[in-house]
Amino acid sequence: MEATRIKKIIFSLVVFLGFFTYALPTVESATIRRPANNLGLLLYYSFDEGTSTIATDFSGRGNRGTLQNMSHPATASSGWGVGKSGSALNFDGSNDNVSFSGVVLGTTQTVSMWIKPQTGADYQSMISDSSGFNGLFYRNTSGLIDFFYSSADHHNNTVVQKGVWTHVVVVNNAGSVTFYINGVSDGTSSAAPGYTPVNIGTAEPTTNEDFTGTIDEVRIYNRALSQADVTALYSTGLIKINSASSQINVVPSGLIGYWTMDGGKMTSTLAYDSSTSGNTLSLLNGTAKTMGKVGQSLNLDASDDELFCSEANCGGTTGGKYDMGTRDWTVMAWIKPEAGGTNCNIRGTVVGKIGDDEIGWYLGIGGQYVCAEIRGASNISSTLDGSQVSLNQWSHIAVVFDRDGNMTRYLNGVQTGTQDNISANNGSSVDHPHNFCIGARDGAGGCAERRYDGSVDEVRIYERVLTAGEIKQVYNAGVGTKMNTGQNVISGSTLQDGLVGLWSFNGLDLTDKVYDRSGNGHDGYFIGGATSTAKTTGKVGQAINFDGVNDSVLIAHSSLLDLDGSEPATFSFWINKESAAATAGPIYKRTSGSAGYNVDILTTGAVSFAIGDLFSNNNRVSRETSSTMNLNQWYHVVVTYDGSITSGGINIYFDGVLQSMTNAFDNWGGGSSSNGLDFSLGARESGTSRQLDGKMDEVRVYNRVLSASEIKQLYQIGR
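Using the working numbering, the first residue of the sequence shown is number 10, and each one after it goes up by one.
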């Protein structure tokens, strides 16, 4: 045993006693964007950012990781690199690590990750606590996975090869440990305590125990995953996920700028570059985020929105990174324009590095045609011809600048219009200290001239000529990505059985009416505003946003939505509450004193359900959750009522997990809860109280009690 291991023994008693002070975590929300095993998820780093010094936590808990001592821009051995699924992080074995707020784990927990180890220190820390004495290590000499605790080594059985991707899962079930390698059980140990991991890739303050190699898809759970769970996680890593974050693998050669505009790549003031260039753009004046062609996009208002980086901040060894110089060049983007201008001289610049003196390049639209320009020794603009870009629809536009040949434009993967010869600029340097801009041309006031009006997504820049086939490949990747569609019907499931109402709020479901997709015709109307302004990015596709003042959705009375007290029902919805100022009513079928039922979100964040035959006399049964929901976070809520006319017949689930209940009230008056009132979403039936300030998505009503497995399946739809 090495000196560092002996040092661990000296402190082991202190560490061991410390375990007994740790509080067991509760099962709360877990909102992730990738498939498989969300329940009890405490931390999830996909490492798909591909840039920046932050690792986004996709568990929904906001525990961002900070990249420490990693190369930026990345090198072959340190920083962002190619992962098992999308991007990953390379660790150089010399203090590279990801630090995060400690995740307190009891004796029942699971850690999962993909690793590709390389030769390095004997003990290579995969994940560890603040002492460096407890956690998972890769053993360089034996090739085994070591769960080091209680001052001793505990190994799996099978050698994990260097230079090969391997899925490692370590499950601690009340102290009984099972190792899994590539989905297969591979050894056990016993008497394992809890611990609090804070680092990935290092055992600091212990020295010389840093990880060498690549790590991807790190997950921590507060439950013991089953064999089936582990198999599902392993299988997920074997497939390519068609998502915005993994599209960096589509035609990566020569890519020097890539802005996906997705949630993990954006803050309120920054847009991160997913290429290896790492050029972060600044956002000014409240540039709006909206649904994109692939994930999220930015909507530019053609008034004062700016998305840019200066010459100094856009890297490069000679001039700005996006000075074309004498290089060949390809630029592309997905756009959804709301106006098209009149011609290529009065145009909307989608992306470019060009200014008042016209030196530079750009790609944009004019007269609804794809337009482009290059100016060095000569000023050459594209011909105003080809197919037109449709307004208010997503289109993929691209231009290739072949310096000793032509400037070629593409629309939706197909060459459009005339190829314009630009060989007069061959050898002429297209350099000038302009700002690099998305959505406008540089001018005296910044990126403020010839503004583009509409949404933009998936902007790419290459320092080479892309072939027609490669451009088609990028286009097809976007066409094949369905990030914003509701999943209303699941083949082979029972989730259609007993469905009496389904309001998904997706594009065609939220127009002049709020359409019911259950097949029962329970279409409603949005009250208090226009559906066009109530649309917002949802948990599954599009959602509806309630202003907390006078907004609601009103659906005419139907016997299928009515309950007499003895009838079972299930209510399911996604919700993101933005204010705790007052109790909010996401679902109501009663007035303040009438018979009926309702789902409330209390000011504490607890969820309650009540059903009664006369609320004015407190003739009702009701229960509420002991746990609460945070503001500004998506939760999946399911309420079941078994028709027993008792509070014990009420159960509520958060994110697929049954919650403990409190404040039971049983005072049924002997009548019926049935009424002739309308069914309301977002406020009490009158629309004048219990207004919801926040978003709702995928509302479902069933005339039966869904099983726990069905509720988990519903949750998985929006994970």
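The beta-carbon is built from N, C-alpha and C at its ideal position, and this holds for glycine as well.
In its chain, beyond the 5 residues on either side, 340, 372, 381, 418 have a beta carbon closer than 6 Å to the beta carbon of residue 408. For residue 719, the enclosing alpha helix (DSSP H) starts and ends at 717 to 726. For the pair residue 109 and residue 177, the CB atoms are not nearer than the 9 Å cut-off. Under DSSP, the beta-bridge partners assigned to residue 100 are 222. By alpha-carbon distance to residue 472, the top candidate from 647, 583, 220, 267 is 267. Boundaries of the beta strand (DSSP E) harbouring residue 703: 702 to 711, taken from the DSSP string. As computed with DSSP, residue 361 is found in a beta bridge with 371, 446. As the crow flies, the alpha-carbon of residue 668 is around 29 Å from that of residue 515. For residue 242, the enclosing alpha helix (DSSP H) has its first and last residue at 236 to 246.
Between residue 708 and residue 596, the C-beta spacing is below 9 Å.
Residue 524: not part of any beta strand (DSSP E); DSSP gives it neither H nor E.
Residue 487 sits in a helix when the DSSP states are folded into three classes. The stretch 612 to 685 contains no complete alpha helix (DSSP H) run of 4 or more residues. Pairing residue 682 with residue 594 gives a Cβ-Cβ distance that is not under 9 Å. Shown here for residue 547: same chain residues with a beta carbon closer than 6 Å to its own, the five before and five after excluded, namely 706 in chain order.
Residue environment for residue 96: buried (at least 16 other C-beta atoms within 10 angstroms of its C-beta). By the Cβ-count criterion, residue 261 is exposed, with fewer than 16 other Cβ atoms from all chains shown falling within 10 Å of its own Cβ. Around residue 474, the same chain offers 337, 339, 409, 411 as residues with beta carbons nearer than 7 Å, after the five sequence neighbours per side are excluded.
Cβ neighbours of residue 62 within its own chain (closer than 6 Å, five residues either side excluded): 76. The C-beta distance from residue 183 to residue 116 rounds to 6 Å, short enough to meet the 8 Å contact threshold. Around residue 293, the same chain offers 315 as residues with beta carbons nearer than 6 Å, after the five sequence neighbours per side are excluded. In this structure, residue 676 sits away from residue 604, with a CB-CB distance that is not shorter than 9 Å. When the beta-carbon positions are compared, residue 321 and residue 357 stay at least 9 Å from each other. If you draw a 10 Å sphere on the C-beta of residue 609, you find 16 or more other C-beta atoms in it, and that means buried. Residue 593: member of the beta strand (DSSP E) spanning 593 to 598, first to last residue.
In the three-state reduction of the DSSP assignment, residue 475 falls in the coil class, being assigned neither a helical nor a strand state. Here residue 137 really is in contact with residue 144; their C-beta atoms are around 3 Å apart, less than 8 Å.
Counting of Cβ neighbours within 10 angstroms places residue 289 among the buried residues, the total reaching 16 or more. Between residue 688 and residue 552, the gap from beta carbon to beta carbon reaches 9 Å or more.
Under the criterion of beta carbons closer than 8 Å, residue 662 and residue 507 do not qualify as touching, at roughly 17 Å. If the five residues before and after residue 168 are omitted, its C-beta is found closer than 8 Å to the C-beta atoms of 151, 152, 153, all from its own chain and listed in chain order. Classified as exposed, residue 214 has fewer than 16 neighbouring CB atoms from the shown chains inside 10 Å of its CB. Between residue 88 and residue 98, the C-beta gap is smaller than 9 Å, which places the two residues in contact. One Cα belongs to residue 660, the other to residue 578, and the distance between them is close to 11 Å. The beta-bridge partner set that DSSP reports for residue 415 consists of 430.
Annotation for residue 72: 52, 66, 109, 110 place their beta carbon closer than 6 Å to its own, counting only its chain and skipping 5 residues before and after.
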